[in-house]
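Quick note on our numbering: the sequence shown kicks off at 111 and runs consecutively. Positions of the beta carbon are idealized from the N, C-alpha and C atoms, including for glycine. The structure appears below as structure tokens.
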Amino acid sequence: MIRTEGLTRRFGDRTAVEDLTLEVEAGEVLGLLGPNGAGKTTTVRMLAGLLAPTSGRAWVAGHEVGREPGAIRPKVGFLPETPGFYKRLSVERNLRYFAQLYGVPQPQAAVRRVLERLSLWDRRGEAVATLSKGLRQRLGLARALVHEPQVLFLDEPTSGLDPESAREVREFIGELAGERRTILLCTHNLAEAEELSTWIAVLRTRLVALDRPGELKRRLSGSRILVDLANPRPEFTSLALPFVRGASLDGSVLAVDVEDPEREAPALVRRLVELGAEIQAVRREERTLEEVYLELVGRGDGAD
Ligand SMILES: Nc1ncnc2c1ncn2[C@@H]1O[C@H](COP(=O)(O)OP(=O)(O)OP(=O)(O)O)[C@@H](O)[C@H]1O
Ligand SMILES: [Mg+2]
Numbered sequence: 111m112i113r114t115e116g117l118t119r120r121f122g123d124r125t126a127v128e129d130l131t132l133e134v135e136a137g138e139v140l141g142l143l144g145p146n147g148a149g150k151t152t153t154v155r156m157l158a159g160l161l162a163p164t165s166g167r168a169w170v171a172g173h174e175v176g177r178e179p180g181a182i183r184p185k186v187g188f189l190p191e192t193p194g195f196y197k198r199l200s201v202e203r204n205l206r207y208f209a210q211l212y213g214v215p216q217p218q219a220a221v222r223r224v225l226e227r228l229s230l231w232d233r234r235g236e237a238v239a240t241l242s243k244g245l246r247q248r249l250g251l252a253r254a255l256v257h258e259p260q261v262l263f264l265d266e267p268t269s270g271l272d273p274e275s276a277r278e279v280r281e282f283i284g285e286l287a288g289e290r291r292t293i294l295l296c297t298h299n300l301a302e303a304e305e306l307s308t309w310i311a312v313l314r315t316r317l318v319a320l321d322r323p324g325e326l327k328r329r330l331s332g333s334r335i336l337v338d339l340a341n342p343r344p345e346f347t348s349l350a351l352p353f354v355r356g357a358s359l360d361g362s363v364l365a366v367d368v369e370d371p372e373r374e375a376p377a378l379v380r381r382l383v384e385l386g387a388e389i390q391a392v393r394r395e396e397r398t399l400e401e402v403y404l405e406l407v408g409r410g411d412g413a414d
């Protein structure tokens, strides 16, 4: 549904996106993560046909981006970082304008449907200028959806929203995904990406990682086993097992770095029991997507 091949965009000497190749199937959600300036917005603007790539190609909904804009536009909805509206016109007039622009057959009915869906119908007569940020964001979603596109590009849909509004928008995105729409979601919110995405791409001008959220965590998860001991003793750190890279004791928790935790946990437990350890629990060190992400993008040093 979305495919890119070596997609690259330069602004003068600066490369914003380099050699991006990825594929998103129909009905999947791709979470696009990356530090400020990583090229997320540039990527969606290219895919939405608003910015020409310097090189490389992309296809959206079966059409090549840049070649058939007229064919792509009705199939794609775009929520930009800061959605623009005619601020002095009403909510409804704004949406009707966009519905007509997209050539929606019955614009009035479509506008009503989408406003009701986003709980904005009651505010349809108000000028956009008077809406709060959260309401304007919802209106942005309404605009991205008014022509019922199969593909959605959402650039930080929850940024700047209070926790409750952000949750509503997230739930709404979940609903859209449930309708088998294909969604590219740029976000800085890792929990959000994890909750909504089929795939997570980490961008830092180049693609740093692309995987399922769980797989990404697993692949990068420290290969560390934590053993809770009833009788912690320093000698338990001298295990003399070929696969153990290191072990340390912190209070009653023995942390053992191994090569493959799943394969090696049983042998480790046997050895500890031989040494007289009383084991209360054995667990894998859990890492959050945030830790994995920080490792991928390089802790504390941004792309700029
Ligand atoms: N129109 C432009 N002219 C010049 N440079 C640009 C332009 N648009 C983007 N850039 C540069 O390209 C790089 C990528 O920007 P982009 O907006 O795609 O990043 P982003 O990942 O969306 O960042 P953020 O998380 O801050 O939204 C940045 O260095 C940015 O300054
Ligand atoms: Mg951006």
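Inset, instruction - Given a cut-off of 8 Å, decide if Val256 and Arg234 are closer than it, judged by their beta-carbon atoms. - result: For the purposes of this step, residue 234 is taken as residue 124 along the sequence shown, with counting starting at 1. For the purposes of this step, residue 256 is taken as residue 146 along the sequence shown, with counting starting at 1. No, the Cβ-Cβ distance between Arg234 and Val256 is not below 8 Å.
Inset, instruction - Report yes if the C-beta distance between Leu161 and Arg119 is below 8 Å; otherwise report no. - result: Residue 161 sits at position 51 when you count from the first residue of the sequence shown. Residue 119 sits at position 9 when you count from the first residue of the sequence shown. Yes. Within cutoff.
Legend entry - C-beta atoms of Leu228 and Ala252 nearer than 8 Å: Counting from 1 along the sequence shown, the entry for residue 228 is found at position 118. Counting from 1 along the sequence shown, the entry for residue 252 is found at position 142. Yes, they are a contact pair.
Legend entry - Cβ-heavy atom distance, Gly141 to ligand 1, below 7 Å: Here the question's residue 141 lines up with position 31 in the sequence shown. Not under cutoff, so the answer is no.
Legend entry - ligand 2 heavy atom lying under 7 Å from the CB of Glu191: As a working mapping, residue 191 is identified with position 81 in the sequence shown. Glu191 Cβ: within cutoff of ligand 2.
Inset, instruction - Assess, as a yes-or-no matter, whether the segment 326-344 is touched by the segment 206-213 under the definition of 3 or more beta carbon pairs within less than 8 Å. - result: no
Legend entry - Between the CA atoms of Val318 and Leu419 - distance to the nearest angstrom: Nothing about residue 419 can be reported from this structure: the residues present for the chain run from 111 to 414 only.
Inset, instruction - Determine contact between the segment 345-358 and the segment 389-398, defined as no fewer than three beta-carbon pairs at a distance below 8 Å. - result: no
Inset, instruction - Using beta-carbon positions only, say whether Thr315 and Leu143 come within less than 8 Å of one another. - result: The count along the sequence shown starts at 1 and reaches residue 315 at position 205. The count along the sequence shown starts at 1 and reaches residue 143 at position 33. Going by C-beta atoms, Thr315 is not nearer than 8 Å to Leu143.
Legend entry - Cross-strand partners of Trp309 (DSSP beta bridge): In the sequence shown, the residue the question calls residue 309 occupies position 199. Trp309 is bridged to Leu140.
Inset, instruction - Name the residue from Leu199, Ala158, Gly122 whose alpha carbon lies nearest to the alpha carbon of Gly180. - result: Within the sequence shown, residue 180 is the residue found at index 70, counting from 1. Comparing Cα positions, the closest option is Ala158.
Legend entry - Segment contact flag, the segment 237-248 with the segment 209-221, C-beta cutoff 8 Å, min 3 pairs: no
Inset, instruction - Answer with yes or no whether the minimum CB distance from Leu382 to chain B is below 8 Å. - result: Absent from the structure: chain B. Only one protein chain is present.
Legend entry - For Val402: DSSP bridge partner residues: Mapped onto the sequence shown, residue 402 falls at position 292. Val402 is not bridged to any residue.
Legend entry - Closer than 7 Å: Gly144 CB and nearest ligand 1 heavy atom: Position 34 of the sequence shown, counting from 1, holds the residue named residue 144. Yes - ligand 1 has a heavy atom lying nearer than 7 Å to the Cβ of Gly144.
Inset, instruction - Count the other CB atoms, across all protein chains shown, that sit within 10 Å of the CB of Ala303; report buried if there are 16 or more and exposed otherwise. - result: Along the sequence shown, read from residue 1 onward, the residue named residue 303 stands at position 193. Counting Cβ neighbours within 10 Å, Ala303 comes out buried, since at least 16 surround it.
Inset, instruction - For the beta strand (DSSP E) containing Gly244, list its first residue and its last residue. - result: Within the sequence shown, the letter at position 134 stands for residue 244. That residue, Gly244, is in no beta strand (DSSP E); its alpha helix (DSSP H) goes 243-255.
Legend entry - Contact check, Arg113 vs Glu133, beta carbons under 8 Å: Counting from one through the sequence shown, the residue named residue 113 turns up at place 3. Counting from one through the sequence shown, the residue named residue 133 turns up at place 23. Yes; because the gap between Cβ atoms is below 8 Å, this pair is in contact.
Legend entry - C-alpha gap between Leu130 and Val368, whole angstroms: Working through the sequence shown from its first residue, we reach residue 130 at position 20. Working through the sequence shown from its first residue, we reach residue 368 at position 258. Distance between the alpha carbons of Leu130 and Val368: 34 Å.
Legend entry - Under 8 Å between C-beta atoms of Pro323 and Leu385: The count along the sequence shown starts at 1 and reaches residue 323 at position 213. The count along the sequence shown starts at 1 and reaches residue 385 at position 275. For Pro323 and Leu385, no; Cβs fall outside 8 Å.
Legend entry - Endpoints, alpha helix (DSSP H) assigned at Glu285: The residue given as residue 285 occupies position 175 in the sequence shown. Taken as a continuous stretch (DSSP letters only), the alpha helix (DSSP H) holding Glu285 covers 273-288.
Inset, instruction - Specify, as a first and last residue, the run of the beta strand (DSSP E) that Ala126 falls within. - result: Here residue 126 refers to the residue found at position 16 of the sequence shown. 124-134 is the span of the beta strand (DSSP E), which, as asked, contains Ala126.
Legend entry - For Ala276 and Ser269, the rounded distance between their alpha carbons: Within the sequence shown, residue 269 is the residue found at index 159, counting from 1. Within the sequence shown, residue 276 is the residue found at index 166, counting from 1. Rounded to the nearest angstrom, the two C-alpha atoms are 8 Å apart.
Legend entry - Top-ranked residue by Cα proximity to Ala237, from Ile283, Arg198, Ala148: Translated into positions along the sequence shown, residue 237 becomes position 127. Out of Ile283, Arg198, Ala148, Arg198 has the C-alpha closest to the C-alpha of Ala237.
Inset, instruction - Please find out if some non-hydrogen atom of ligand 2 comes closer than 7 Å to the beta-carbon of Thr151. - result: By one-based count along the sequence shown, residue 151 stands at place 41. Within the cutoff, so yes.
Legend entry - Beta-carbon contacts of Ile389 that lie in its chain and below 8 Å, excluding the five residues immediately before and after: Here residue 389 refers to the residue found at position 279 of the sequence shown. Closer than 8 Å at Cβ, skipping near neighbours: Val337, Asp338, Leu339, Ala340, Val379, Leu382, Val383.
Inset, instruction - Compute every distance between the C-beta of Asp321 and the non-hydrogen atoms of ligand 2, then say whether any falls below 7 Å. - result: Residue 321 sits at position 211 when you count from the first residue of the sequence shown. For ligand 2, not one heavy atom lies less than 7 Å from the Cβ of Asp321.
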